[in-house]
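Scroll down for the structure; my scribbles are underneath it.
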Amino acid sequence: MLRLNVDTTQHKARLRQYFDGVGFERWSAIYGEARLSPIRRSIRDGHTLMLALAEEWLDAEGRGREGAALDAGCGTGLFSLALARRGMHVTAADLAPQMVAATRAAAEAAGLAGRVEGLVADLEELQGRFAVVACFDVLIHYPPGPFEQMLRHLADLCTDTLLITYAPYSPLLAAMHRVGAFFPHSQRRTDIQMIPDELVRATLAARGMAIRRTRRISSGFYHVTLVQALRT
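Using this note's numbering, read the sequence shown as starting at 77 and increasing by one per residue.
Structure (structure tokens):
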């Protein structure tokens with residue numbers, strides 16, 4: 077099991093409190109169909125584009141379809157259901173119980189409950205081997221040290237295809253988030269940590285994974301790099 081230092085553990089506790097409280101209300105609205113402010117709508121648009129591209133890449137490879145999948149940080153289960161519809165047995169894990177409950181409810185409503193197992197767990201507690209591992213908009217909350225630890229752990233869980241997002245470093249993005257700090261509290265997103273591209277490449281290579289595709293996605297205040305890496 078991955079061990080994190082005290083500061084990172086405290087940081088994770090704050091994230092759990094946020095995403096199982098006010099964060100659940102805010103992000104379930106973004107992930108859903110509720111009316112949104114222009115700021116949140118730009119995040120929804122970017123997130124929707126990212127998920128569609130991840131599905132497209134997964135279909136293009138046609139790998140791992142019959143195996144197990146892990147959606148680490150499943151949120152309300154949008155990608156968990158996409159994986160289940162492709163015939164995979166999905167472990168949908170999140171540190172926030174309300175997110176996992178929402179995923180279970182969505183799977184039940186879609187007739188996919190038999191293919192989706194909801195699990196309340198921290199990323200570093202996850203164990204097993206999965207043909208597909210997805211981790212979207214989770215690693216953006218961790219600075220380089222913990223980020224590298226968690227990415228190594230995700231890679232070790234993956235036997236075939238890894239899909240992740242991270243916040244790429246750029247002066248423009250840093251400036252945008254400094255400006256974002258002055259928006260009303262209800263419109264802010266959680267703090268993000270920008271990561272150098274080379275750290276991602278080097279970490280994956282050290283765990284026997286080769287990057288197949290990357291795409292930077294920008295929509296208003298949603299800025300991530302989507303990565304697909306394959307087991308070599």
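Heads up, the beta-carbon is just placed ideally off N, CA and C, and yes, glycines get one too.
Does DSSP put residue i in a helix, a strand or coil?
| i | result |
| --- | --- |
| residue 311 | Any answer about residue 311 is impossible in this case: the structure gives the chain only from 77 up to 308. |
| residue 223 | helix |
| residue 192 | strand |
| residue 90 | helix |
| residue 106 | helix |
| residue 288 | strand |
| residue 198 | coil |
| residue 271 | strand |
| residue 112 | coil |
| residue 176 | helix |
| residue 282 | helix |
| residue 98 | helix |
| residue 152 | coil |
| residue 276 | helix |
| residue 204 | coil |
| residue 186 | coil |
| residue 122 | helix |
How many whole angstroms separate the CB atoms of residue i and residue j, which I take to be in contact at a CB cut-off of 8 Å?
| i | j | result |
| --- | --- | --- |
| residue 148 | residue 131 | Not quite, the Cβ-Cβ distance comes to about 17 Å (not below 8 Å), so this is no contact. |
| residue 171 | residue 197 | 7 Å |
| residue 104 | residue 177 | Residue 104 to residue 177, Cβ: 11 Å. No contact. |
| residue 136 | residue 153 | The Cβ separation is near 23 Å, so there is no contact. |
| residue 118 | residue 295 | 5 Å |
| residue 279 | residue 200 | So it is not a contact: roughly 15 Å between Cβ atoms. |
| residue 183 | residue 160 | 7 Å |
| residue 146 | residue 192 | In fact, because the Cβ distance is near 11 Å, the residues do not count as touching under 8 Å. |
| residue 205 | residue 194 | Wrong, their Cβ atoms sit about 19 Å apart, outside the cutoff. |
Ordered along the chain, which non-local residues of its own chain (more than five positions away) have a Cβ less than 6 Å from that of residue i?
| i | result |
| --- | --- |
| residue 186 | 157 |
| residue 211 | 148, 149, 230, 240 |
Could you please give me the residues that DSSP links to residue i through a beta bridge?
| i | result |
| --- | --- |
| residue 165 | 144 |
| residue 238 | 209, 305 |
| residue 299 | 294 |
| residue 170 | 196 |
Whose C-beta lies closer than 8 Å to the C-beta of residue i among residues of the same chain, with five residues either side of it excluded?
| i | result |
| --- | --- |
| residue 129 | 291, 293, 302 |
| residue 190 | none |
| residue 125 | 293, 295 |
| residue 107 | 120, 123, 151, 152, 154 |
If you drop the 5 nearest sequence neighbours on each side, which residues of the same chain put their C-beta closer than 7 Å to that of residue i?
| i | result |
| --- | --- |
| residue 288 | 304, 305, 306 |
| residue 92 | 171, 172 |
| residue 218 | 226, 269 |
| residue 220 | 271, 275 |
Between the segment 282-292 and the segment 215-234, do at least 3 Cβ pairs fall closer than 8 Å?
-> With a cut-off of 8 Å, the segment 215-234 and the segment 282-292 count as touching, because enough Cβ pairs lie within range.
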